[in-house]
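What follows is a single structure, written as structure tokens, with notes after it.
Protein chains: 2
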Amino acid sequence: MGTAQRKLHLNAFLMSTGHHEASWRLPESDPLAGTDIRHYQNLARIAERGTFDSVFFADSPVIFGDVGRRPAGKLEPTVLLTALAGATEKIGLIATASTTYNDPFNLARRFASVDVVSGGRAGWNVVTTAGPDAARNFGVDDQPAHAARYERAAEFLDVAGKLWDSWDDDAVVADKESGVWADADRVRPIDHEGKHFKVRGPLNVPRSPQGYPLIVQAGSSEDGKDLAARYAEAVFTAQQTLEDAQAFYSDLKARTAAAGRDPEGIKILPGIVPVIASTEADARRLEQELDDLIKPEYARAQLAKTLRVAPEELALDRQLPSDLPSEDSIEGAKSRYTLIVELARRERLTVRQLIGRLGGGRGHRTFSGTPEQVADAIQLWFENGAADGFNIMPPVLPAGLEIFVDHVVPVLRARGLFRTEYSGSTLREHYGLERPLNRYSGALAGLTA
Amino acid sequence: MGTAQRKLHLNAFLMSTGHHEASWRLPESDPLAGTDIRHYQNLARIAERGTFDSVFFADSPVIFGDVGRRPAGKLEPTVLLTALAGATEKIGLIATASTTYNDPFNLARRFASVDVVSGGRAGWNVVTTAGPDAARNFGVDDQPAHAARYERAAEFLDVAGKLWDSWDDDAVVADKESGVWADADRVRPIDHEGKHFKVRGPLNVPRSPQGYPLIVQAGSSEDGKDLAARYAEAVFTAQQTLEDAQAFYSDLKARTAAAGRDPEGIKILPGIVPVIASTEADARRLEQELDDLIKPEYARAQLAKTLRVAPEELALDRQLPSDLPSEDSIEGAKSRYTLIVELARRERLTVRQLIGRLGGGRGHRTFSGTPEQVADAIQLWFENGAADGFNIMPPVLPAGLEIFVDHVVPVLRARGLFRTEYSGSTLREHYGLERPLNRYSGALAGLTA
Ligand SMILES: Cc1cc2nc3c(=O)[nH]c(=O)nc-3n(C[C@H](O)[C@H](O)[C@H](O)COP(=O)(O)O)c2cc1C
Ligand SMILES: Cc1cc2nc3c(=O)[nH]c(=O)nc-3n(C[C@H](O)[C@H](O)[C@H](O)COP(=O)(O)O)c2cc1C
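Which chain is which? The protein sequence lines are B and Y, in order.
What the first sequence shows, in this note's numbering, is residues 1 to 449, in sequence order.
What the second sequence shows, in this note's numbering, is residues 1001 to 1449, in sequence order.
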């Protein structure tokens, strides 16, 4: 970074017709966009035109909610990233994959392969996958407990890290004359034996352009933050207020330092759902139009499931019941649960109002305004210890991404907050992070360099 | 097919610098080709220019052999296929994946995604993965027994098939006005409970362009042939002589009929390693040059491992010992074991000669000659009940594929044996196979159509 001004990082969180749950019902939306690769290639190119650091896809190996009501099909994210790698040149490509329902050898190999194919642009959002429905697609009747999922996630990352380092960067000598292809001592078994995994290795893919994919994390519970502090290089988080975001930011930076890492090595990106129009009134009108397309009965059923109450207990025009369970008893997505309950209580929202707020961004902060107002909102958090950048979640796609790229990005650039062109070519370079050393040979390589 | 002449099918089996184990040592070979996506994109485009039905990649989740001696890195095949989908338009794309070291929900989803992204060009070569080394990357000390692997493979295919059919083709209604996205009755749990798997479903990807990927199989043991008879639409096989190939062909067609399927619905493709030059003598010289680059000590160690004897028991200039184990006692790749032993005995090969033959194609038939002679060899088997097509395994890549496309394909076309352009756009259409009906709604759809 040197003496240059600190720069903002922007990630485009892409999701079928947009983050607003009713976006598919707009006249201009393609309801089959969720599995249309050309739709995503178009979005990735728009984000690349806006010099975003990366695009990102959430994922769970299950259908969420009711296919009768909401678009449900999703391409497998490593396949999706690969298809986007061919359609773009610079932008980073981040896919979500579960440590609970994958196995380290196959998944480490898949991400290494995406990193190779994309020329060093792969990132992995490491999640533990809440909910019993996903478990049932893998022969398990209920989700493993929250703590057990995070324990497995940590060991999964250890195994994956060893596999990615199982080849030295310069292991391949390719001496045709003598017939020696690799220096066999520099491609080593990892012989991992732990509580959850026993893996011999080495990986059957050489060390990839970035060494390994950028490690991203997105759970904000206590266990989630501890995992992030140990392993993550970028963190997505849902924060509703500047104060909460500042508290989260300083807490996570402190935990990262306590884990023996440089707090600069972890980039914190809260989500924002920007509803943008040329006047504030138009932006609010747009938001209202979208909210009016939400089916309240269906949304109430979803909310009831998250809160673990019966739908009838949630009267649409009353506030939440006061006797909801505490976060401790939640085995699913702990931090999202707490965020929703606190949002409703703080703003004294009725169930109907809460549904509107969640329909826009599932707990992420919605912000309606002009391009300048959106840029102001971003700058305020960025300059006040709440964010290293943002996870941009357009309510409607492609329109919401286009308007952000064409009208907000120029403002951020003019203020000197955001790049005007890519200076690096790997995802880690975009985030201003160093290529990781190899744990087996890296220290030595560093000493002799 | 109607009254038109029966047409040959050609699959290009692609592998880094070529199938000859010493191909990487040639001056023109790129020893890093195995993980170079541009290399594979170039190969796929050459095969597409030659109107091949498909390209194909073998795979195992482990490093085979000695990285010191042979190129070892391999991109994960579904990632590789996706990258090729973007670089081609018509050609089919077949990847190998193991039923022993994958899980049905994730793998079914990945192939469905590749089928979507490629517009209906995906195929899956279903293998059970022999050998203890692969097992050790998945927490298992030795491979499961041969029969157990095939039993799991059959159930895996049942589960995957149910998941692929869990959405009706017309499940998505996308009625924006009423807010109904899909007909929820036409997206159904599969509630599979079997010996190896318990999977609720539905899949989180809608039914793909082909319904599901083309099912390919490549094991030739008794269990392997039975699996193929039940599920496979194309079969790769290693056959050394016309008589053996005819026996395999009629056996597998009969098993397919006995399983209640149309024997036309399974295409049998023996492998051939064509060493092509403008004269027969030049072709033989080329083959000899390649064989001379093989390191006999290393190849002997590999052969000893396959035969389950100590390397010292294989004297380079003598025939195989007569007291080798029988196929029954082999838990790895049974049919390949038998093929190697029979080849050596039939032709009274010394170990050194056997190593040369295996180095060319790992047990597949090597054929050296002019383009016309290669076409003759293909035609002979095709017209005499030994093959529906061939698995073309160029000894050197890209050169060996280029020469086949530019010099053998025109001969086959001139003889009316092979297409001059693609008539279909999906992989199944290339192989002259019907799009499968949906097992849950297909029969009904057929009745009402
Ligand atoms: C922007 C963002 C994206 C996320 N994407 C996913 C996802 O794709 N899949 C998933 O299982 N969890 C995802 N999560 C995490 C969940 O929302 C939830 O926090 C997590 O499952 C459990 O975290 P916790 O219990 O540590 O809070 C995401 C979180 C954020 C902030
Ligand atoms: C052309 C061809 C390609 C094959 N590719 C693979 C492969 O990629 N991975 C694999 O595990 N087995 C592959 N096999 C199968 C093995 O060679 C071996 O036959 C199998 O593991 C066990 O089969 P069997 O015991 O039924 O003979 C292939 C076979 C053929 C003929």
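By construction, the Cβ of each residue, glycine as well, lies at the ideal position given by its N, Cα and C atoms.
The structure displayed is predicted, hence computed values, not measured ones.
Inclusion of B:Ile94 and B:Val216 in the CB contact set at 7 Å is warranted, their separation being smaller than that value.
Within the region 1301–1375 of chain Y, the complete alpha helix (DSSP H) segments of 4 residues or longer fall at 1334–1346, 1351–1361, listed in chain order.
Any Cβ of chain B closer than 7 Å to the Cβ of Y:Trp1181 would place that residue at the interface, and such an atom is present. Contact check for Y:Tyr1101 and Y:Pro1144: beta-carbon distance about 10 Å, past the 8 Å limit, so the pair fails to qualify. Exclusion of the five residues before and after Y:Arg1006 leaves no residue of its chain whose Cβ lies closer than 6 Å to its Cβ. Around B:Asp103, the beta-carbon contacts reaching into chain Y at under 7 Å are Phe1138.
For the region 203–232 of chain B, the set of positions with a beta-carbon nearer than 7 Å to some beta-carbon of chain Y reads Asn204, Val205, Pro206 in chain order. Residue contact with chain B for Y:Lys1195: absent (no Cβ-Cβ distance below 7 Å to any residue of chain B). Y:Lys1295 belongs to the set of residues whose beta carbon lies under 7 Å from a beta carbon in chain B.
Per DSSP, B:Trp164 is one residue of the alpha helix (DSSP H) stretching across 146–164.
Here B:Asn125 is near B:Thr96, since their CB atoms are less than 7 Å apart.
Contact check for B:Arg348 and B:Ala238: beta-carbon distance about 20 Å, past the 8 Å limit, so the pair fails to qualify.
When distances are taken from the beta-carbon of Y:Lys1334 to the heavy atoms of ligand 2, the shortest one is below 6 Å. Annotated three-state conformation of Y:Glu1222 is helix, per DSSP.
In this structure, B:Val127 has its beta carbon less than 6 Å from a heavy atom of ligand 1. Secondary structure of B:Ser425 (DSSP, three-state): coil.
Within the chosen limit of 6 Å, ligand 1 does not reach the beta carbon of B:Asp53 with any heavy atom.
By the Cβ rule, the region 80–89 of chain B does not count as touching the region 165–184 of chain B, because fewer than three pairs are nearer than 8 Å.
The beta-carbon separation of Y:Leu1290 and Y:Ala1022, rounded to 6 Å, stays under the 8 Å limit for a contact. Contact annotation: Y:Arg1069 and Y:Tyr1298 have beta-carbon atoms nearer than 7 Å. Its Cα nearest to that of Y:Thr1338, the residue Y:Gln1240 stands out among Y:Arg1261, Y:Thr1128, Y:Leu1163, Y:Gln1240.
Counting along the chain, Y:Ile1063 sits inside no alpha helix (DSSP H), nor does DSSP assign it H or E at all.
Under the DSSP assignment, Y:Thr1237 falls in the beta strand (DSSP E) whose first and last residues are 1234–1237. With contacts defined by Cβ atoms closer than 7 Å, Y:Val1405 and Y:Gly1050 form a contacting pair.
When DSSP reads this structure, Y:Ile1272 sits in a beta bridge with Y:Arg1365, Y:Ile1392.
According to the DSSP assignment, B:Ser98 belongs to the beta strand (DSSP E) that extends over 92–98.
Distances from the CA of Y:Ala1184 to each of Y:Asp1168, Y:Asp1191, Y:Val1199 were compared; the closest alpha carbon is that of Y:Asp1168.
In this chain, the beta strand (DSSP E) harbouring B:Val127 covers 122–127.
For B:Gly50, the shortest C-beta to heavy atom distance toward ligand 1 is 6 Å or greater.
No residue range can be given for B:Val405, since it is assigned to no beta strand (DSSP E) and is classified by DSSP as neither H nor E. Sixteen is the threshold: since fewer than 16 other Cβ atoms of the shown chains lie within 10 Å of the Cβ of Y:Asn1384, the residue is exposed. Against B:Lys162, chain Y offers no close residue; the least beta-carbon distance is about 12 Å (beta-carbon pairs closer than 7 Å).
In the same chain as B:Asp223, and ignoring 5 residues on each side of it, the C-beta atoms closer than 7 Å to its own belong to His146, Ala147, Tyr150, in chain order. If the five residues before and after B:Leu286 are omitted, its C-beta is found closer than 6 Å to the C-beta atoms of Val275, Ala277, all from its own chain and listed in chain order. Among the residues of chain Y, those whose CB is under 8 Å from the CB of B:Trp24 are Ala1174, Lys1176, Trp1181, following chain order. In the structure shown, B:Ala12 falls within a strand segment according to DSSP collapsed to helix, strand and coil.
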